[in-house]
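Have a look at the structure below before the remarks.
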Amino acid sequence: MTEITETGSLSARPASEGAVGIELDEVSKVYPGQPVPAVERFSMTIEPGELVMLVGPSGCGKTTTMKMINRIIEPSSGAIRIDGRDVLSLNPNELRRHIGYVIQQIGLFPHLTIAENIATVPRLLGWSKQRTAERVEELLTTVQLDPGVFAKRYPRQLSGGQQQRVGVARALAADPPVMLMDEPFGATDPITREKLQAEFLRLQAEIGKTIIFVTHDFEEAIRLGDRIAVLSERSRIEQFDTPANILAAPANDYVSSFIGQGAALKRLALIPVVDAKLGQPTGIDGSASVDAAASLRDAIDLLVLTGAERVDVSDAGRVVGSINHAAISAALGGVAPRIRERG
Ligand SMILES: Nc1ncnc2c1ncn2[C@@H]1O[C@H](COP(=O)(O)OP(=O)(O)OP(=O)(O)O)[C@@H](O)[C@H]1O
Ligand SMILES: [Mg+2]
């Protein structure tokens, strides 16, 4: 089974049935008339069912890299394989029907209803009306848009965040094994974005697709990604590792500058309270407690808020121990002394 941890990251997610791997081998793109390549010898292996985040500054080549995978842009050189098959040997139209794609500017067809937008690929694949209609309804529900309210509307009658959900639903329509998502939540305010991210994690836990996800929001990359590739100019990979490893050991100054301030706090958000060495319960009746499945960041939050030296940790309503600053630092691999067990 697939699980989402309370901290919001995907844990121990097995590749779903039918998930496929993606391999890029020394892929380059030189746009006509450009003196330097937009992407230069990009190599990466993505495991079946993995969610890889591409993070990098504007213009570094993220969209170009992504669009070469479904051949909206033809690579100048190199090889790309999906499920071991060379995509350059496949019919591009056929290929695109098997890769869900959420483009950077949402790109819904303005003259088609929401239902018709989502039905685009099923229609191309020749699905029956009945099957298509059922799928559209299912997907709208999945992205938490009431089909009764939204199916017959046009894109301009939706908010930016709602349009982005439709974009995601459209990409999922024919249940493709691979999804390419280019800043799918880019046009939303922070609160909507966080909601969409949470929904997306829940969805991915169910569907377990192989996903390449572009963002320039490092927080988003940490929250969603199994692995993150930090890119610089020409899609050069500065580091490719799990969020926790990148935060704990940035490969160079460039990566550090991308992480920005507060790396320790960001790491805390990835570690559940139960991973810390807990002390004895405080024994104070009715004192504040943090859930064992919550993150160490939540624990810090409670410590700061209450001003207490330690707070209880509860599991299913039962106090199972307590946690303090030293235990939290120790869990980060910091130099804090081990907490002393009381009693
Ligand atoms: N059709 C094109 N012709 C020439 N140059 C292009 C073309 N498309 C993109 N470029 C250039 O290639 C580089 C990479 O562009 P790309 O769109 O891949 O960047 P990006 O990382 O997705 O940026 P952003 O975060 O702003 O979306 C940029 O310098 C861009 O100006
Ligand atoms: Mg882009």
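The opening residue of the sequence shown carries number 208 in this note's numbering; numbering runs sequentially from there. All residues carry an ideal CB built from backbone N, CA and C; glycine is no exception. Bear in mind the structure is a predicted one, so any value in this text is a computation, not a measurement.
- Sixteen is the threshold: when 16 or more other Cβ atoms of the shown chains lie within 10 Å of the Cβ of Arg430, as they do, the residue is buried.
- Put simply, the region 391-401 touches the region 361-379. At least three CB pairs are less than 8 Å apart.
- Nearest to Glu401 by C-alpha distance, out of Thr513, Ala428, Asn324, is Ala428.
- In chain order, the residues that have a beta carbon nearer than 5 Å to some heavy atom of ligand 1 are Tyr238, Ala245, Ser265, Gly266, Cys267, Gly268, Lys269, Thr270, Thr271.
- Only exposed fits Ser335, as fewer than 16 other CB atoms lie within 10 angstroms of its CB.
- Considering only Met386, Leu472, Ile398, the residue with the shortest C-alpha distance to Ile414 is Met386.
- Ala533: member of the alpha helix (DSSP H) spanning 532-538, first to last residue.
- For Arg474, the enclosing alpha helix (DSSP H) has its first and last residue at 470-475.
- Residue state for Thr489 is assigned as coil, using DSSP reduced to three classes.
- In the three-state reduction of the DSSP assignment, Lys359 falls in the coil class.
- Shortest Cα-Cα distance from Ala515 to any of Val526, Ser494, Glu440 involves Ser494.
- For Gly266, the three-state secondary structure derived from DSSP is coil.
- The residue among Lys359, Pro479, Leu297 with its C-alpha nearest the C-alpha of His318 is Lys359.
- The Cβ neighbour count for Ser496, taken over all protein chains shown within 10 Å, is at least 16; the residue is labelled buried.
- If you look at Gly367, you'll find it in the alpha helix (DSSP H) that goes 367-379.
- For Asp389, the shortest C-beta to heavy atom distance toward ligand 2 is below 7 Å.
- For Val437, the closest of Phe249, Leu332, Gly225, Ser235 by C-alpha to C-alpha distance is Phe249.
- If you look at Ile306, you'll find it in the beta strand (DSSP E) that goes 306-309.
- Note on geometry: alpha-carbon atoms of Ala456 and Pro255 lie some 26 Å from one another.
- Per the DSSP secondary-structure output, Asp389 pairs in a beta bridge with Val421.
- Residue environment analysis places Tyr238 among the exposed positions, since fewer than 16 neighbouring C-beta atoms fall within 10 angstroms of its C-beta.
- Cβ-Cβ separation between Gly490 and Arg517: approximately 11 Å, too far for a contact (criterion under 8 Å).
- With a threshold of 7 Å, the Cβ atom of Gln311 counts as near ligand 2, since some heavy atom of the ligand is closer than that.
- A straight line joining the alpha-carbon of Arg474 with that of Ala506 spans about 13 Å.
- In the structure shown, Glu230 falls within a strand segment according to DSSP collapsed to helix, strand and coil.
- The count of Cβ pairs closer than 8 Å, one atom from the region 445-454 and one from the region 464-474, reaches three, so the stretches are in contact.
- When DSSP states are grouped into helix, strand and coil, Ser464 belongs to the helix group.
- Each residue's CA atom was taken as its position, placing Ala286 and Gln241 some 21 Å apart.
- Residue pairing by DSSP places Gln446 opposite Val437 in a beta bridge.
- Put simply, of Gly469, Leu332, Ile325 the residue whose alpha carbon is nearest the alpha carbon of Val350 is Ile325.
- Under the Cβ criterion (8 Å, minimum of three pairs), the region 352-371 does not count as touching the region 273-291.
- For Pro362, same chain residues with a beta-carbon under 6 Å away, outside a window of 5 residues either side, are Leu315, Pro317, Gln370 in chain order.
- Per DSSP, Phe407 lies in no beta strand (DSSP E) segment; the continuous alpha helix (DSSP H) that holds it begins and ends at 397-414.
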